[in-house]
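**Student:** For the record, the sequence lines run as chains A and B.
In terms of the numbering used here, the first sequence is residues 1 to 113.
In terms of the numbering used here, the second sequence is residues 114 to 224.
A virtual CB, placed ideally from N, CA and C, is assigned to each residue, including glycine.
Bear in mind that the values here come from a model prediction, so they are computed numbers and not experimental data.
Take this structure first; my questions come after.
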Amino acid sequence: DTAVSQTPKYLVTQMGNDKSIKCEQNLGHDTMYWYKQDSKKFLKIMFSYNNKELIINETVPNRFSPKSPDKAHLNLHINSLELGDSAVYFCASSPNTIGETQYFGPGTRLLVL
Amino acid sequence: GESVGLHLPTLSVQEGDNSIINCAYSNSASDYFIWYKQESGKGPQFIIDIRSNMDKRQGQRVTVLLNKTVKHLSLQIAATQPGDSAVYFCAERGSYQKVTFGIGTKLQVIP
């Protein structure tokens with residue numbers, strides 16, 4: 001069974017479109033994250049939720065909006081996609097304490113044309 | 114971690130040799146450090162961690178060393194194998210439990 005899963009795995013879309021990426025974890029963890037990894041492999045945290053509550057909200061454009069319907073799911077909605085949004089987006093989860101070992105999903109490769 | 118330039122640092126190692134991957138961290142208040150391995154096309158995967166009250170921690174074929182004086186972290190891989198080829202990230206947990214990832218080092222194992 002996949003511990004942290006993301007859908008879709010690949011996403012190719014036009015500039016200006018709105019898209020969502022879904023993430024689910026079956027580890028029973030309380031904390032979930034979204035990361036963006038650019039072409040140089042730099043990993044930057046975007047958001048962190050603990051038990052459905054927003055904990056970390058880095059300097060991310062308002063076009064990005066996370067939603068956590070329950071503690072096993074953290075979805076990422078992106079409005080008005082821009083070329084610079086092209087990247088790999090990783091979802092992760094960790095047990096109770098923020099910053100402890102994180103379990104990453106396989107990533108969603110987003111390409112904005 | 115710290116930025117070391119525009120290109121992903123690369124370490125090439127002969128199969129069977131030991132590898133040492135270094136990481137300089139920025140926050141002297143960081144209390145917890147983690148090494149992750151990211152294989153091509155996959156998400157990062159936990160390798161080993163160390164708390165700031167320790168200098169050294171060993172796992173299976175891997176050792177992490179922490180030097181708080183110079184804010185330096187290293188990952189040693191013994192008897193490097195082709196399957197160790199990946200990008201390795203150090204991560205530090207600093208203020209407000211925020212985790213920051215380093216820039217990553219690409220390890221290439223030469224058969």
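Considering Cα atoms alone, identify which of B:Thr123, B:Lys211, B:Gln194 and B:Ser132 is closest to B:Phe146.
**Tutor:** If you number the second sequence from 1, residue 146 of chain B lands on position 33. With distances taken between Cα atoms, B:Phe146 lies closest to B:Lys211.
**Student:** Please determine if the stretch 36-55 of chain A and the stretch 128-139 of chain B are in contact, where contact requires at least 3 C-beta pairs separated by less than 8 Å.
**Tutor:** Counting Cβ pairs under 8 Å, fewer than three are found: no touch.
**Student:** Rounded to the nearest angstrom, what separates B:Ala192 and B:Gln158 at their Cα positions?
**Tutor:** Locating residue 192 of chain B in the second sequence gives position 79, counting from the first residue. Locating residue 158 of chain B in the second sequence gives position 45, counting from the first residue. The straight-line gap from Cα to Cα measures roughly 20 Å.
**Student:** Could you check what DSSP says for B:Tyr138 in three-state terms: helix, strand or coil?
**Tutor:** Here residue 138 of chain B corresponds to residue number 25 of the second sequence, with the count starting at 1. Note: B:Tyr138 maps to coil in three-state DSSP.
**Student:** Rounded to whole angstroms, what is the Cα-Cα separation between B:Ser208 and B:Thr176?
**Tutor:** Counted from its first residue, the second sequence places residue 208 of chain B at position 95. Counted from its first residue, the second sequence places residue 176 of chain B at position 63. Rounded to whole angstroms, B:Ser208 to B:Thr176 spans 25 Å at the Cα level.
**Student:** Quick check: A:Arg109 and A:Val88, are their CB atoms within less than 7 Å of each other?
**Tutor:** By one-based count along the first sequence, residue 109 of chain A stands at place 109. By one-based count along the first sequence, residue 88 of chain A stands at place 88. Cβ distance < 7 Å, so A:Arg109 and A:Val88 count as in contact.
**Student:** Which of the residues in the stretch 155-179 of chain B, read from start to end, lie with their CB under 9 Å from any CB of chain A?
**Tutor:** Residues passing the 9 Å Cβ filter: Lys155, Gly156, Pro157, Gln158, Phe159 and Asp162.
**Student:** Measuring CB atoms only, is the stretch 5-22 of chain A touching the stretch 170-190 of chain B, in the sense that at least three cross pairs come out at less than 8 Å?
**Tutor:** No, the stretch 5-22 of chain A does not touch the stretch 170-190 of chain B.
**Student:** Is the Cβ of B:Val214 closer than 7 Å to any Cβ of chain A?
**Tutor:** Here residue 214 of chain B is taken as the residue at index 101 of the second sequence, counted from 1. One point to set straight first is that residue 214 of chain B is Phe, not Val, in the sequence displayed. Yes, its Cβ sits closer than 7 Å to a Cβ of chain A.
**Student:** Excluding sequence positions up to five away, which residues of its chain have a Cβ less than 7 Å from the Cβ of A:Leu90?
**Tutor:** As a working note, residue 90 of chain A is residue 90 in the first sequence. It should be pointed out that residue 90 of chain A corresponds to Phe in this sequence rather than to Leu. The answer, listed in chain order, is Tyr35, Gln37, Phe104, Gly105 and Gly107.
**Student:** Please report the Cβ distance between A:Val112 and A:Thr13, rounded to the nearest whole angstrom; I am assuming they are in contact, meaning their Cβ atoms lie under 8 Å.
**Tutor:** Counted from its first residue, the first sequence places residue 112 of chain A at position 112. Counted from its first residue, the first sequence places residue 13 of chain A at position 13. Between A:Thr13 and A:Val112 the Cβ distance is about 6 Å, and since that is below 8 Å, they are a contact.
**Student:** Taking C-alpha atoms, which residue in B:Ser153, B:Lys219 and B:Tyr149 lies nearest to B:Ile163?
**Tutor:** Here residue 163 of chain B refers to the residue found at position 50 when the second sequence is read from its first residue. Of the listed residues, the one whose Cα sits closest to B:Ile163 is B:Tyr149.
**Student:** Output, in chain order, the set of chain B residues within a Cβ distance shorter than 8 Å of A:Leu43.
**Tutor:** As a working note, residue 43 of chain A is residue 43 in the first sequence. Neighbours of A:Leu43 on chain B, chain order: Pro157, Phe202, Phe214 and Gly217.
**Student:** In the DSSP assignment, the beta strand (DSSP E) including B:Thr213 goes from what residue to what residue?
**Tutor:** If you number the second sequence from 1, residue 213 of chain B lands on position 100. Where B:Thr213 is concerned, the enclosing beta strand (DSSP E) stretches over Val212 to Phe214.
**Student:** Residues in the same chain with beta-carbon distance under 6 Å from A:His73, minus the five sequence neighbours each way, listed in chain order, please.
**Tutor:** Within the first sequence, numbered from 1, the residue matching residue 73 of chain A stands at position 73. The answer, listed in chain order, is Glu24.
**Student:** What separation, rounded to the nearest whole angstrom, lies between the Cα atoms of B:Val117 and B:Leu220?
**Tutor:** Here residue 117 of chain B is taken as the residue at index 4 of the second sequence, counted from 1. Here residue 220 of chain B is taken as the residue at index 107 of the second sequence, counted from 1. Residue placement at B:Val117 is flagged as unreliable, the pLDDT there being 39, under the threshold of 50; a coordinate-derived value is accordingly withheld.
**Student:** Using 7 Å as the threshold, is the C-beta distance between A:Lys44 and A:Ser68 below it?
**Tutor:** Stepping through the first sequence from its first residue, residue 44 of chain A is reached at position 44. Stepping through the first sequence from its first residue, residue 68 of chain A is reached at position 68. No, the Cβ-Cβ distance between A:Lys44 and A:Ser68 is not below 7 Å.
**Student:** Please state whether DSSP places A:Leu74 in a helix, a strand or coil.
**Tutor:** Residue numbering aside, residue 74 of chain A sits at position 74 when the first sequence is read from its first letter. A:Leu74: strand per DSSP, three-state reduction.
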